[in-house]
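Reading through the structure tokens given below for one structure.
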Amino acid sequence: MQFVLIGFSDLPNLQGFILAVFSVVYIIILTGNFLIIVITSMDPALQKPMYFFLANFSSLEICYVSVIVPRILFNIEMQDLRISVTSCATQLCFFLIFGTTECVLLAVMSYDRYVAICNPLHYILIMNPTKCTQLAVGSWLGGIPIQIGQTSQIFSLHFCNSNKIEHFFCDIPPILKLACGDTSVHELSVYVVVMVVAALPFILVLTSYVKIIATILRLPTAKGRAKAFSTCSSHLLVVVLFYGSATVTYLRPKSMHSPGTDKLLSLFYTIVTPMLNPLIYSLRNKEVIAALKRLFLKE
Numbered sequence: 000m001q002f003v004l005i006g007f008s009d010l011p012n013l014q015g016f017i018l019a020v021f022s023v024v025y026i027i028i029l030t031g032n033f034l035i036i037v038i039t040s041m042d043p044a045l046q047k048p049m050y051f052f053l054a055n056f057s058s059l060e061i062c063y064v065s066v067i068v069p070r071i072l073f074n075i076e077m078q079d080l081r082i083s084v085t086s087c088a089t090q091l092c093f094f095l096i097f098g099t100t101e102c103v104l105l106a107v108m109s110y111d112r113y114v115a116i117c118n119p120l121h122y123i124l125i126m127n128p129t130k131c132t133q134l135a136v137g138s139w140l141g142g143i144p145i146q147i148g149q150t151s152q153i154f155s156l157h158f159c160n161s162n163k164i165e166h167f168f169c170d171i172p173p174i175l176k177l178a179c180g181d182t183s184v185h186e187l188s189v190y191v192v193v194m195v196v197a198a199l200p201f202i203l204v205l206t207s208y209v210k211i212i213a214t215i216l217r218l219p220t221a222k223g224r225a226k227a228f229s230t231c232s233s234h235l236l237v238v239v240l241f242y243g244s245a246t247v248t249y250l251r252p253k254s255m256h257s258p259g260t261d262k263l264l265s266l267f268y269t270i271v272t273p274m275l276n277p278l279i280y281s282l283r284n285k286e287v288i289a290a291l292k293r294l295f296l297k298e
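Numbering that gives the first Met the number 0 numbers the first residue of the sequence shown as 0 and each following residue consecutively.
And the structure:
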């Protein structure tokens, strides 16, 4: 049995343009995130927990996007929309695992900022190399058993309505639409998993930032408040972009899902946000800009 990824085939006159746009965007994402990995690994001034997590985040973005974009490019270039059930399940599983990692890693990064701003005297002691490594490994591996289980549950369904997935990659909402019979139990399990792997980290992020903002407002000088806020504003912006679009996608009732809206929202958190992240973190961070200058001047 095979599925058919409809993708952007409903825009036949724009296939060449779409292929070019996705190719350029993919190159931008790879280049931008790879540069951040290089400078955070090589520049002595960036050997701090904050940049260790940023390097992990950039590595994650490369993996996250690479689960989706190469398949889009292949489908458009080869004009072959078919995807086997095994390939579809594999793509969904890795997409969910990396999505979970992003949720947890964003929470870890907010905790790092909380310790740095609210408990600066003990920051180096609390965020020691061992603790940072443990938090990073936990972020990468924590969602694997949950999402393998969820993927197995979804693909244990019988599909008889159609084999056409109204999306550009294998995602939960369009796949559930193809299932026979009542899928309410599976939808409920999706909500539960989203609450565990996305809502809980988001609550931790909000809690951290409430305490961060309260601490910043108590600083005696405007310059000190501006400096403290600048170190976490980039991360907060990324959190809003990612969680905003992903939450709307997965927490809407099945009846409110439409192919056009799902594609638009998915494009935002799977393609646009990973493309903007390197820009957000570099343009709003003087240390990253200085490290980039040192890298290119050295060359």
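Quick reminder that beta carbons are idealized off the backbone N, C-alpha and C, glycines included.
Along the chain, where does the beta strand (DSSP E) containing residue i start, and where does it finish?
i          : result
residue 83 : 81 to 83
residue 3  : 1 to 4
Which one of the options has the shortest CA to CA distance from residue i?
i           : options               : result
residue 48  : 15, 101, 90 and 129   : 129
residue 162 : 222, 63 and 81        : 81
residue 112 : 289, 9, 246 and 211   : 211
residue 31  : 87, 280 and 132       : 280
residue 110 : 100, 134, 98 and 90   : 134
residue 196 : 118, 70, 103 and 59   : 103
residue 184 : 20, 164, 114 and 155  : 155
residue 25  : 234, 292, 275 and 207 : 275
residue 75  : 28, 18, 37 and 105    : 18
residue 164 : 177, 153 and 157      : 177
residue 70  : 288, 131, 168 and 38  : 168
residue 213 : 193, 157, 228 and 23  : 228
residue 292 : 20, 27, 21 and 42     : 42
residue 285 : 231, 270, 144 and 147 : 231
residue 9   : 98, 78, 180 and 40    : 78
residue 209 : 114, 83 and 189       : 114
residue 204 : 85, 23, 108 and 16    : 108
residue 151 : 188, 15, 242 and 267  : 188
residue 224 : 117, 148, 295 and 194 : 117
residue 179 : 202, 296, 153 and 51  : 153
residue 38  : 182, 51 and 27        : 51
residue 158 : 84, 15 and 194        : 84
residue 89  : 149, 268 and 206      : 149
residue 28  : 98, 270 and 160       : 270
In the DSSP assignment, find the unbroken alpha helix (DSSP H) run with residue i in it and report its ends.
i           : result
residue 137 : 128 to 140
residue 55  : 48 to 65
residue 173 : 171 to 175
residue 32  : 14 to 41
residue 314 : Examination of residue 314 is not possible in this model, given that the chain is present from 0 through 298 alone.
residue 72  : 68 to 77
residue 122 : 122 to 125
Contact defined as beta carbons within less than 8 Å: I believe residue i pairs with residue j. What is the distance between those atoms, to the nearest angstrom?
i           : j           : result
residue 166 : residue 5   : 7 Å
residue 2   : residue 87  : 5 Å
residue 59  : residue 100 : 6 Å
residue 272 : residue 240 : 5 Å
residue 238 : residue 45  : 21 Å between Cβ atoms; not a contact.
residue 192 : residue 123 : Incorrect: roughly 36 Å between the Cβ atoms, too far for contact.
residue 277 : residue 125 : The Cβ separation is near 28 Å, so there is no contact.
* Asked: Does the count of Cβ pairs from the stretch 53 to 63 and the stretch 85 to 99 closer than 8 Å reach three?
  -> At 8 Å Cβ cutoff, the stretches touch.
* Asked: For the stretch 261 to 273 against the stretch 167 to 175, are there 3 or more C-beta pairs whose distance is under 8 Å?
  -> As far as the Cβ criterion goes, the stretch 261 to 273 touches the stretch 167 to 175, which means the pair count is three or higher.
* Completely contained alpha helix (DSSP H) runs for the stretch 159 to 246, where each covers 4 or more residues -> Every alpha helix (DSSP H) of 4 residues or more that sits fully in the stretch 159 to 246 is shown, in chain order, as 171 to 175, 183 to 193 and 199 to 216.
* Cβ contact check for the stretch 135 to 142 and the stretch 42 to 58: 3 or more pairs under 8 Å -> Judged by Cβ distances under 8 Å, the stretch 135 to 142 makes contact with the stretch 42 to 58, as three or more pairs qualify.
* Does the stretch 232 to 246 come close enough to the stretch 196 to 207 to have 3 or more Cβ pairs within less than 8 Å? -> Output reads yes: the stretch 196 to 207 touches the stretch 232 to 246.
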